[in-house]
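Have a look at the structure below, then the notes.
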Amino acid sequence: MSNVIWHEHRVTPADRARLMGHAGAVVWFTGLSGSGKSTVANLVEERLHRRGIHTFLLDGDNVRMGLNPSADELRGVYGDEFARRFGLGFSADDRAENIRRIAAVAQLFAAAGIVTLTAFVSPYRRDRDAVRTRLGGDFVEVFVDAPLAVCEQRDPKGLYKKARAGEIKNFTGIDDPYEPPLAPEIHLQADANVPETLADQVVAYLQMTGRIP
Numbered sequence: 057m058s059n060v061i062w063h064e065h066r067v068t069p070a071d072r073a074r075l076m077g078h079a080g081a082v083v084w085f086t087g088l089s090g091s092g093k094s095t096v097a098n099l100v101e102e103r104l105h106r107r108g109i110h111t112f113l114l115d116g117d118n119v120r121m122g123l124n125p126s127a128d129e130l131r132g133v134y135g136d137e138f139a140r141r142f143g144l145g146f147s148a149d150d151r152a153e154n155i156r157r158i159a160a161v162a163q164l165f166a167a168a169g170i171v172t173l174t175a176f177v178s179p180y181r182r183d184r185d186a187v188r189t190r191l192g193g194d195f196v197e198v199f200v201d202a203p204l205a206v207c208e209q210r211d212p213k214g215l216y217k218k219a220r221a222g223e224i225k226n227f228t229g230i231d232d233p234y235e236p237p238l239a240p241e242i243h244l245q246a247d248a249n250v251p252e253t254l255a256d257q258v259v260a261y262l263q264m265t266g267r268i269p
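Take the sequence shown: its position 191, counted from the start at 1, is 247 in the numbering used here, and no numbers get skipped.
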């Protein structure tokens, strides 16, 4: 039996929602690298901020630089054993742990009344479904859908080129699968619309469903 016990707060999520004018939520952007997740999420946050909505954006690269660094980044400060145990790469297990940690952080943000936007490839359906189970009604899945050929043509970070050359292993879409959502709350056709239009669609959904005033 664990000796760790969850402590209830005297200030409830409902109290925070009354103070802030809206409840918290987690808007989870998923899609291939280069599909436009981060771009659209940033535009959505900008639009919500202008409306007075309290927001924060958790982006894949940013989180990998702090909360979920690689073993190589940890080794110099904490040593080999620590780095081996806690550093994350891009294996299926490491991806699952990456998403689990992010979900836990996002859940805390949502409980604080913040509309939390997350932009992660999160390629495996099982991992995203685990986030949905954890967050319940606070979870909004946004599938940023762009064909692999389009994403590879864009290749803003040059990652597809490196993956094709064998310089990056376990790269989603090349030698690792992407499992698209079966029933996302929002399905964005990212190859047929400009990012601004996609962001407007997300904001419209949040307003239509009463998640923002």
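Even for Gly, the Cβ is constructed at its ideal location relative to N, Cα and C.
Among Y180, A246 and R72, the one whose alpha carbon lies nearest that of D232: Mapped onto the sequence shown, residue 232 falls at position 176. Checking every option, the nearest Cα to that of D232 belongs to Y180.
Beta-carbon separation of S89 and K213 under 9 Å? Along the sequence shown, one-based indexing puts residue 89 at 33. Along the sequence shown, one-based indexing puts residue 213 at 157. Taking 9 Å as the Cβ cut-off, S89 and K213 qualify as a contacting pair.
Is it true that the segment 159 to 175 meets the segment 110 to 121, where meeting means three or more beta-carbon pairs spaced less than 8 Å apart? yes
Could you work out which residue in I61, E64, A81 and D71 is closest to I268 when comparing CA atoms only? Within the sequence shown, the letter at position 212 stands for residue 268. Taking only the C-alpha atoms, the option nearest I268 is A81.
Expected contact under 8 Å - CB spacing of A246 and V200 to nearest Å: The residue you call residue 246 lines up with position 190 of the sequence shown. The residue you call residue 200 lines up with position 144 of the sequence shown. Going by Cβ atoms, the distance from A246 to V200 rounds to 5 Å, so yes, they are a contact pair.
Suppose the cutoff is 6 Å on Cβ atoms and the five residues either side in sequence are ignored; what does the same chain contact list for L254 look like? Working through the sequence shown from its first residue, we reach residue 254 at position 198. So the qualifying residues of the chain are V96 and L244.
Does the distance between the C-beta of W84 and the nearest non-hydrogen atom of the ligand COA fall short of 8 Å? In the structure on display, the ligand COA does not appear, and there are no ligands present to speak of.
Bridge-paired residues (DSSP) for Q245: Residue numbering aside, residue 245 sits at position 189 when the sequence shown is read from its first letter. According to DSSP, Q245 bridges with D201.
Whole angstroms are fine: how far does the CA of E101 sit from the CA of G145? Residue 145 sits at position 89 when you count from the first residue of the sequence shown. Residue 101 sits at position 45 when you count from the first residue of the sequence shown. Answer to the nearest angstrom: the Cα atoms are 28 Å apart.
So, with DSSP's three-state summary, where would you put A70? Walking along the sequence shown from the start, residue 70 turns up at place 14. Three-state result, A70: helix.
Is A174 helix, strand or coil by DSSP? Taking the first residue of the sequence shown as 1, we reach residue 174 at position 118. First, the residue type needs correcting, since residue 174 is Thr and not Ala in the sequence shown. T174 falls in the strand class under three-state DSSP.
Need the endpoints of the alpha helix (DSSP H) that F227 sits in, please. The residue you call residue 227 lines up with position 171 of the sequence shown. Segment: none, F227 is in no alpha helix (DSSP H) and carries neither H nor E.
At which residues does the beta strand (DSSP E) containing A81 begin and terminate? Position 25 of the sequence shown, counted from the first residue, corresponds to residue 81. Segment A81 to T86, the beta strand (DSSP E) holding A81.
Please report how far the alpha carbon of A260 lies from the alpha carbon of I242, in whole angstroms. Counting from 1 along the sequence shown, the entry for residue 260 is found at position 204. Counting from 1 along the sequence shown, the entry for residue 242 is found at position 186. Using only the alpha carbons, I get a separation of about 10 Å.
Whose C-beta lies closer than 8 Å to the C-beta of T270 among residues of the same chain, with five residues either side of it excluded? Lying before the first or after the last residue shown, residue 270 is absent from the chain, which here runs from 57 to 269.
With a 10 Å radius around its C-beta and 16 neighbouring C-beta atoms as the bar for buried, classify F142 as buried or exposed. Stepping through the sequence shown from its first residue, residue 142 is reached at position 86. When all chains shown are included, F142 counts as exposed.
G116 vs S91 beta-carbon contact at 9 Å: Locating residue 116 in the sequence shown gives position 60, counting from the first residue. Locating residue 91 in the sequence shown gives position 35, counting from the first residue. G116 is not a Cβ neighbour of S91, given a cutoff of 9 Å.
Burial state of D274 (16 or more Cβ within 10 Å): Since the first residue of the chain shown is 57 and the last is 269, residue 274 is not available in this structure.
Taking only runs that begin and end inside the segment 123 to 183, name each unbroken beta strand (DSSP E) of 3 or more residues, in chain order. The segment 123 to 183 contains these whole beta strand (DSSP E) runs: 171 to 175.
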